[in-house]
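First residue of the sequence shown: 13, per this note's numbering; consecutive thereafter.
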Amino acid sequence: MTVLANILSLTIVFAVPLLLVALGGMYSEHSGVINIALEGIMVIGALCASFALKGFDSAGWGKEHPQIAMFLAILIAGISGMVFSVLLAFAAINLRADQTIGGTALNIFAPAFAVVITWAVQGQGLTTIQIPTWIRITQANFGLEAGNGFLDSLIFKYFYLTTPVAVVLFIIAWLLMYKTRFGLRLRACGEHPQAADSVGINVYKMRYAGVLISGFLGGVGGIAYTIAVGSGFSASVGGYGFLALAVMIFGNWKPFQILGSAFFFALFKVIAAYNSSIPFLPKFEGLKDISSLYQMLPYIVTMIVLVFTSKRSQAPKAEGIPYDKGTR
13 MTVLANILSL TIVFAVPLLL VALGGMYSEH SGVINIALEG IMVIGALCAS FALKGFDSAG
73 WGKEHPQIAM FLAILIAGIS GMVFSVLLAF AAINLRADQT IGGTALNIFA PAFAVVITWA
133 VQGQGLTTIQ IPTWIRITQA NFGLEAGNGF LDSLIFKYFY LTTPVAVVLF IIAWLLMYKT
193 RFGLRLRACG EHPQAADSVG INVYKMRYAG VLISGFLGGV GGIAYTIAVG SGFSASVGGY
253 GFLALAVMIF GNWKPFQILG SAFFFALFKV IAAYNSSIPF LPKFEGLKDI SSLYQMLPYI
313 VTMIVLVFTS KRSQAPKAEG IPYDKGTR
């Protein structure tokens with residue numbers, strides 16, 4: 013039962029960044045802009061938040077107020093991701109550049125930038141930024157005694173502030189997209205921007221809003237991934253930005269379907285990362301390095317799922333198409 017609790021708890025932790033980043037992609041693509049740069053946005057968000065946590069830890073303030081420090085780090089991650097996403101928004105909306113090429117360029121730039129900044133701050137060759145251990149939420153935070161039962165392992169073994177934040181942001185995403193005028197206008201800009209413009213909606217502003225929200229969620233997803241991995245930030249998010257795009261497509265650009273997809277892909281990620289400690293998995297004793305086989309599993313599953321679901325995907329009709337106010 014303890015093993016099952018650990019697997020479920022880890023699945024939740026790894027699903028959080030997938031959910032956040034996929035929701036970010038959903039906002040951007042519903043506005044009409046393809047955000048391929050989610051991987052780079054995650055890197056920038058994780059970089060800034062990791063340095064913030066390290067600074068709080070060095071000052072000693074973080075240990076005294078761990079969850080306040082963590083909340084500030086999440087905000088820093090989101091804001092830095094939002095600022096970085098302005099580059100994509102300007103290129104895609106104002107310059108009408110190819111959105112795929114622009115996003116790819118930002119993905120290439122972000123890890124290199126992270127390495128340069130990390131070396132400049134920590135010293136040559138010191139790429140990894142260690143995350144403080146005090147960020148985890150434990151039973152002591154609620155005045156409870158530590159235990160090893162099923163619920164203790166399920167809830168508290170890998171419990172971080174990013175999880176409740178993700179729940180709140182998910183609820184906001186659903187309400188915002190389907191229960192507000194803003195969501196209706198955003199979706200209109202991704203489906204038929206000319207029609208939206210004809211009724212007075214500023215397509216450029218709505219697309220900027222979609223990309224900036226996407227940047228915020230991508231940045232938060234970056235620090236959530238770094239926390240889930242647990243080995244510190246090393247200028248990479250392991251392809252999670254691209255995996256989040258697959259989650260978004262599999263989830264058909266809808267919040268609840270994205271939630272289910274995030275848990276589905278996160279389960280395979282957990283199996284890949286912790287295959288040696290899961291007793292019921294086949295060991296394939298004839299192979300020398302079984303871990304490499306399991307490491308490929310999430311991405312193999314991603315390709316298989318996309319092959320069978322891509323034909324039924326209903327992407328926003330105007331996504332990836334630069335809007336020209338003069339065309340009708």
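Even for Gly, the Cβ is constructed at its ideal location relative to N, Cα and C.
Given this structure, state the Cα-to-Cα distance separating residue i from residue j, to the nearest angstrom.
i: residue 150; j: residue 156; result: 9 Å
i: residue 128; j: residue 281; result: 29 Å
i: residue 322; j: residue 261; result: 8 Å
i: residue 324; j: residue 263; result: 11 Å
i: residue 213; j: residue 220; result: 13 Å
i: residue 130; j: residue 304; result: 29 Å
i: residue 88; j: residue 97; result: 14 Å
i: residue 17; j: residue 287; result: 15 Å
i: residue 376; j: residue 206; result: Residue numbering for the chain in the displayed model covers 13 to 340; residue 376 lies beyond these limits and cannot be assessed.
i: residue 216; j: residue 95; result: 17 Å
i: residue 167; j: residue 71; result: 30 Å
i: residue 241; j: residue 93; result: 19 Å
i: residue 182; j: residue 327; result: 20 Å
i: residue 332; j: residue 45; result: 5 Å
i: residue 243; j: residue 335; result: 43 Å
i: residue 265; j: residue 101; result: 20 Å
i: residue 341; j: residue 257; result: Residue 341 cannot be examined here, being either before or after the span of the chain that is shown, 13 to 340.
i: residue 173; j: residue 122; result: 25 Å
i: residue 148; j: residue 107; result: 43 Å
i: residue 239; j: residue 196; result: 34 Å
i: residue 177; j: residue 329; result: 31 Å
i: residue 191; j: residue 302; result: 48 Å
i: residue 49; j: residue 164; result: 37 Å
i: residue 146; j: residue 171; result: 11 Å
i: residue 218; j: residue 138; result: 41 Å
i: residue 135; j: residue 251; result: 26 Å
i: residue 223; j: residue 114; result: 13 Å
i: residue 112; j: residue 37; result: 13 Å
i: residue 294; j: residue 306; result: 10 Å
i: residue 193; j: residue 99; result: 27 Å
i: residue 77; j: residue 154; result: 14 Å
i: residue 308; j: residue 184; result: 34 Å
i: residue 41; j: residue 118; result: 17 Å
Looking only at its own chain, which residues have a Cβ that is under 6 Å from the Cβ of residue i, when we skip the five neighbours before and after it?
i: residue 225; result: 39
i: residue 90; result: 228, 231, 232
i: residue 126; result: 55, 59, 247
i: residue 69; result: 144
i: residue 317; result: 262
i: residue 273; result: 259, 262, 263
i: residue 81; result: 68, 74
i: residue 245; result: 58, 62, 141, 238
i: residue 189; result: 195
i: residue 120; result: none
Pick out whichever of the options has its Cα sitting closest to the Cα of residue i.
i: residue 86; options: 315, 236, 43; result: 236
i: residue 133; options: 107, 66, 102; result: 66
i: residue 228; options: 164, 167, 53; result: 53
i: residue 314; options: 333, 253, 302, 267; result: 253
i: residue 25; options: 197, 179, 74; result: 179
i: residue 255; options: 106, 35, 140; result: 35
i: residue 152; options: 334, 331, 79, 123; result: 79
i: residue 62; options: 141, 100, 48, 185; result: 141
i: residue 283; options: 82, 310, 271; result: 310
i: residue 161; options: 21, 319, 308; result: 21
i: residue 199; options: 15, 43, 19; result: 43
i: residue 210; options: 15, 337, 41, 19; result: 337
i: residue 15; options: 118, 169, 120; result: 169
i: residue 201; options: 105, 184, 251; result: 105
i: residue 19; options: 285, 312, 175, 307; result: 285
i: residue 32; options: 306, 204, 271; result: 271
i: residue 275; options: 175, 203, 208; result: 175
Which partner residues of residue i appear in the DSSP bridge assignment?
i: residue 141; result: 245
Leaving out the 5 sequence neighbours to the left and right, which residues in its chain are closer than 7 Å to residue i when beta-carbon positions are compared?
i: residue 278; result: 23, 26, 27, 30
i: residue 249; result: 51, 54, 55, 58, 234, 237
i: residue 269; result: 263
i: residue 124; result: none
i: residue 109; result: 103
i: residue 83; result: 173
i: residue 116; result: 48
Using a Cβ-Cβ cutoff of less than 8 Å, which residues in the same chain neighbour residue i once the five nearest sequence positions on both sides are dropped?
i: residue 186; result: 267, 268
i: residue 203; result: 328, 329, 330
i: residue 208; result: 197, 200, 201, 215, 218
Q: Would you list, in sequence order, the uninterrupted alpha helix (DSSP H) runs of no fewer than 4 residues that lie entirely inside the stretch 164-208?
A: 174-191, 193-203
Q) Hey, which unbroken runs of the alpha helix (DSSP H) at 4 residues or more fall wholly within the stretch 207-276? A) 215-241, 252-262
Q. Which full runs of the alpha helix (DSSP H) of 4+ residues lie inside the stretch 14-71, going along the chain?
A. 14-43, 50-71
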